[in-house]
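First residue of the sequence shown? That's 612 in our numbering, and the numbers climb one at a time after it. Where a beta carbon is used, it is the ideal one built from N, C-alpha and C, also for glycine. All values reported here derive from a predicted model rather than from experimental measurement.
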Amino acid sequence: MVKQLCILGSTGSIGTQTLDVVRAYPERYGVYALCANRSIDLLVAQAKEFHPEVVCIADESLYEALSSQLSAIHFEGKVWTGADAIAEVVTMGSVDIVVAAMVGYAGLRPTIEAIKAGKTIALANKETLVVAGEIICDLALQHHAPILPVDSEHSAIFQSLVGEDRSEIEKILLTASGGPFRTFTREQMATVTAADALKHPNWEMGAKITIDSASMMNKGFEVIEAKWLFGVPVEKIEVLVHPQSIVHSAVQFTDGAIKAQLGAPDMRLPIQYALSFPERLASDFPRADLFALKNLTFEKPDLERFPNLGLAYEAMRRGGNIPCVLNAANEVANLAFRENRCGFLQMSDIISETMAKAAFIAKPTYEDYVATDLEARKIAEEMVNSK
């Protein structure tokens, strides 16, 4: 039976690699909807190849241009635009799996709507759990909506836990490549540019997440995500810097045993596993050649050089709406760095100050998260402009 996918962020790194899996298994997967933010040309090319029922563009100013290009290729499906449309398409009856690969806070609302509709969620948008983990987990239980992790690290943990009792988890070992500045001093990092930060040593990712990886905020987000996905306190989640990116993460159990998932750094593997679970499908993805590896090394993260990781732990310990503040401030700072409006090290200062200034809400509702996001962005933007 062909499973129909709704791909949120189809033109991004995860979206395009999801379509690689669809190409490999057309008898298993169809594309019901493709949703993107602004990349019209690629979205039109995808629509021409996969013939979805719905094509949606988030940026409403691009609707006419998209419609015109789709008309030129005689596209017969629906063309929608805007946040409301994206939140609606995930609930369509024909959709079996929603691949949540939109970047940032924008992915929260459609993921919530998909969960309420009881869809299986292949989750690549980590900000959804960072911002509103408690609400998301409660809704998933209430509506019997499975959440399958797509991030390589969380997929590795998930795979290591298959057949295990989660009450027997002693520690989650979350690996990090260390990014392009792993060996840099703070003095060296003070002068790096966005172009420097976008040169990730192991992974091909979008611009925003690559910058987050360089600052280790991405790993901080993954700590928070792991807490919600696997139901463990943040104190049981340990980050290991592993430059080779072969051990994607591991679980240590109460008897001392450690189970890990290893493989070549290729995102198509965890994407395919999320789509096919509990099956494993054959693939021609690159294999990790253990004989060719000289060594596998692990280091403790340096929170003085990479304070964003510590800020994520702090946000999780403070709880309430503070992780939402963390995410909003990071999105502002990340964009400002990419646009050369602040320095690499200043991103942490902006995030820390925003966390200190934003109003604290201990038990936030969804509406509180929306208000917190707006407030934190305003505070962070003011600080960027004052730098």
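Here Ala-787 is not near Val-710, since their CB atoms are 8 Å or more apart. For Tyr-643, the enclosing beta strand (DSSP E) stretches over residues 640 to 647. In this structure, the straight-line span from the alpha carbon of Ala-861 to that of Glu-671 is close to 43 Å. For Pro-881, the closest of Thr-692, Met-703, Gly-715, Ala-735 by C-alpha to C-alpha distance is Ala-735.
Around Ala-801, the same chain offers Leu-956 as residues with beta carbons nearer than 6 Å, after the five sequence neighbours per side are excluded. The DSSP-derived three-state label of Cys-935 is helix. Ranked by Cα distance from Glu-910, the options Ser-856, Ser-963, Asp-866 are led by Ser-856.
With 16 or more neighbouring CB atoms inside 10 Å of its own CB, Phe-832 falls in the buried class.
The straight-line gap separating the alpha-carbon atoms of Ile-708 and Asn-996 is approximately 41 Å. Within the segment 702 to 776, complete alpha helix (DSSP H) segments of at least 4 residues are found at 719 to 727, 738 to 753, 763 to 772, given in chain order. Counting only residues of its own chain and dropping the five nearest sequence neighbours on each side, Tyr-716 has a CB closer than 8 Å to the CB of Glu-738, Val-742, Asn-938, Ala-939, Glu-942, Asp-984. Phe-917 is classed as buried because its beta carbon has at least 16 other beta carbons within 10 Å across all chains shown.
Of the residues Ala-973, Ser-678, Asp-823, the one whose Cα lies closest to the Cα of Thr-692 is Ser-678. Per DSSP, the continuous beta strand (DSSP E) segment holding Thr-692 begins and ends at 689 to 692. At the C-beta level, Ile-962 and Asn-906 stay beyond 8 Å of one another.
DSSP places Ser-860 in the uninterrupted beta strand (DSSP E) bounded by 858 to 864. In this structure Ile-697 does not touch Ala-676 by the C-beta definition: roughly 18 Å separates them, more than the 8 Å allowed. Taking the Cα of Arg-634 as reference, the smallest distance to any Cα among Ala-947, Arg-928, Asn-951, Ser-894 is reached at Ser-894. Rounded to whole angstroms, the gap between the alpha carbons of Gly-641 and Gln-680 is 22 Å. Following the DSSP letters along the chain, one finds Ala-893 in no alpha helix (DSSP H), marked with neither H nor E. The Cβ neighbour count for Thr-731, taken over all protein chains shown within 10 Å, is at least 16; the residue is labelled buried. The continuous alpha helix (DSSP H) containing Glu-986 extends over residues 977 to 997.
Per DSSP, reduced to three states, the secondary structure at Glu-925 is helical. Considered as a whole, the segment 791 to 831 harbours 797 to 800, 805 to 808, 818 to 826 as its complete alpha helix (DSSP H) runs of no fewer than 4 residues, in chain order.
In the three-state DSSP reduction, Ile-697 falls in the helix class (H, G or I).
Excluding residues up to 5 positions away in sequence, Gly-641 lie with their Cβ nearer than 6 Å to the Cβ of Val-613 in the same chain. Residue Leu-784 holds the alpha-carbon nearest to the alpha-carbon of Ala-767 among Leu-784, Ile-746, Pro-757. Residue burial is scored here from C-beta neighbours: Ile-684 has fewer than 16 other C-beta atoms within 10 angstroms and is therefore classed as exposed.
Here the alpha carbon of Pro-897 sits roughly 6 Å from the alpha carbon of Ala-875.
In the three-state reduction of the DSSP assignment, Ile-961 falls in the helix class, which pools H, G and I.
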